[in-house]
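Okay, so here's the structure we're looking at.
Protein chains: 2
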Amino acid sequence: MASDRLARQIQFILEIDKLKSIMRRSYLLNQQRHENSAEHSWHLAMMAILLHEYANEQINLAHILKMVLVHDLVEIDAGDTYCYDDAANSDKAEREQKAADRLFAMLPDDQREEIRNLWEEFEKRSTPDAKFANALDRMMPMMHNYYTRGKAWKEHNVGSDMVLDRNSVMKEGAEELWEFTQSLIEDAVNKGYLASPKKKEDIRDE
Amino acid sequence: MASDRLARQIQFILEIDKLKSIMRRSYLLNQQRHENSAEHSWHLAMMAILLHEYANEQINLAHILKMVLVHDLVEIDAGDTYCYDDAANSDKAEREQKAADRLFAMLPDDQREEIRNLWEEFEKRSTPDAKFANALDRMMPMMHNYYTRGKAWKEHNVGSDMVLDRNSVMKEGAEELWEFTQSLIEDAVNKGYLASPKKKEDIRDE
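Here the protein sequences line up with chains A and B, keeping their order.
Note that the first sequence ends on residue 1186 in this note's numbering; no numbers are left out.
Note that the second sequence ends on residue 1186 in this note's numbering; no numbers are left out.
The following block contains the structure:
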């Protein structure tokens, strides 16, 4: 009944239902469970709609929406790689390339190329749109951590040096949002949600 | 740290995390749990990206993406109303208007108006964009039902007459997708995933 083209599109739409079962390390704000990558992608898209005025450069919101909606699809095969897990990050790129090869090949050629380009643009972080999309993707977990009193940070022994180091790229996309995020990080250290290496040292010195 | 405007935007972004805990009647394709409204909204946005070529009329994809991303926000207060639950549907509009009043008032005025307009446009189904967005919103649960062998249909005693009656509006937005969906419904009846009133009658007559 469906054309070959529609049949392929439908198969892909069914396949990506699996993103709803890919779990991240961050918790929902109500702390009842971890967040999955599909709902995270939705939340990023909402952030883009509401915060695009803070982009450093002129950006294309429609393009950013597409980018954040597809940016985690490769996790269907490659899983979510925790950003502070060095071992898992060593082969992340390879795993994700394989995932992209398999997943996007399900689509008609023109759409395979479109979705792959969106994903690669996000990963390369070299265009204004990708820089802003990445800034949102970094900002969100920090909000989840701050407003759950550092629940995931504490579970994974994450220190403020690691958080600052990883997330300072936010400033490439959205300086004002990075300033806001830095104030959250600082306050998280003050409130004991996030360990400060300096403080750790002080404790050792005592 | 944050301007009043950014503070309001952040509060809204935190508030809508609750959509991840609003459960629908449809199941994930792996049947392990019900789907929530945040991941459903993401999936609809992906459908819009992949299927917008089937819209009956010329549409604006960026506008449709925004519309489907926000279309269920009111469920944070009003809950998900099952489409075949007549009692719950009798006060749905009133509950959702109240929800929109509270939720969207959290935003700066310009954004309150933008998000509310998107939601109302979706609800009214009078523009080409809204017709197409609604067609996707009707199509998705039928795919979930068909590919889980009618799990939610069976649980709620849904018959093919109800499904056809509710979803024929799909043709206003996307005739080809409605044809495809009708073929799914027909096949679902043949395979016993969905009860046919005609067949029920036959059984009573025996």
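All C-beta atoms, glycine included, are put in the ideal place defined by N, C-alpha and C.
Interface residue (Cβ-Cβ distance to chain A less than 7 angstroms): residue 1166 of chain B is not classified as such. Taking 8 angstroms as the upper bound on Cβ-Cβ separation, chain B lies near residues 1018, 1019, 1021, 1022, 1023, 1025, 1026, 1027 and 1029 of the region 1017 to 1029 of chain A.
Those residues of the region 986 to 1004 of chain A placed with their C-beta closer than 7 angstroms to a C-beta in chain B are 986, 989, 992, 993, 994, 996, 997, 1000 and 1001, ordered along the chain. DSSP, reduced to helix, strand and coil, places residue 983 of chain A outside both helices and strands of the structure shown, so it counts as coil. Burial of residue 1121 of chain A is indicated by the presence of at least 16 other C-beta atoms within 10 angstroms of its C-beta. Closer than 7 angstroms to the CB of residue 1112 of chain B there is not a single CB belonging to chain A.
DSSP, read as helix, strand or coil, puts residue 1073 of chain A in helix. Annotated three-state conformation of residue 1086 of chain B is coil, per DSSP. Note that the C-beta distance between residue 1048 of chain B and residue 1028 of chain B is below 7 angstroms. Taking residue 988 of chain A as the centre and dropping the five residues before and after it, the same chain places the C-beta of 1086, 1087 and 1088 closer than 8 angstroms to its C-beta, in chain order. When 9 angstroms is used as the limit between beta carbons, residue 1084 of chain B is near no residue of chain A, the shortest such separation being about 11 angstroms. Residue contact check for residue 1102 of chain A against chain B: no CB pair falls below 7 angstroms.
Here residue 1111 of chain B is buried. Its C-beta has 16 or more other C-beta atoms within 10 Å.
Think of a sphere of 8 angstroms around the beta carbon of residue 1015 of chain A: the chain B residues whose beta carbon falls inside it are 1000, in chain order. In its chain, beyond the 5 residues on either side, 1139 have a beta carbon closer than 6 angstroms to the beta carbon of residue 1175 of chain B. The beta carbon of residue 1126 of chain A lies closer than 7 angstroms to those of 1164, 1168 and 1173 in the same chain, with the five residues before and after it left out. When DSSP states are grouped into helix, strand and coil, residue 1114 of chain B belongs to the helix group.
Residue range 1003 to 1007 is occupied by the beta strand (DSSP E) that includes residue 1004 of chain B.
DSSP places residue 1015 of chain B inside the beta strand (DSSP E), whose first and last residues are 1014 to 1016. Each residue's CA atom was taken as its position, placing residue 1046 of chain B and residue 1152 of chain A some 25 angstroms apart.
Residue pairing for residue 1172 of chain A: DSSP places it in no beta bridge. Proximity of residue 1098 of chain B to chain A, defined by a Cβ-Cβ separation below 7 angstroms, is not satisfied. Look at residue 1059 of chain B here: in three-state DSSP terms it is coil, with no helix or strand label. Per DSSP, reduced to three states, the secondary structure at residue 1153 of chain B is helical.
Taking the C-beta atoms as reference points, residue 1002 of chain A is found nearer than 7 angstroms to residue 1055 of chain A.
Less than 7 angstroms separates the beta-carbon of residue 1154 of chain B from that of residue 1115 of chain B.
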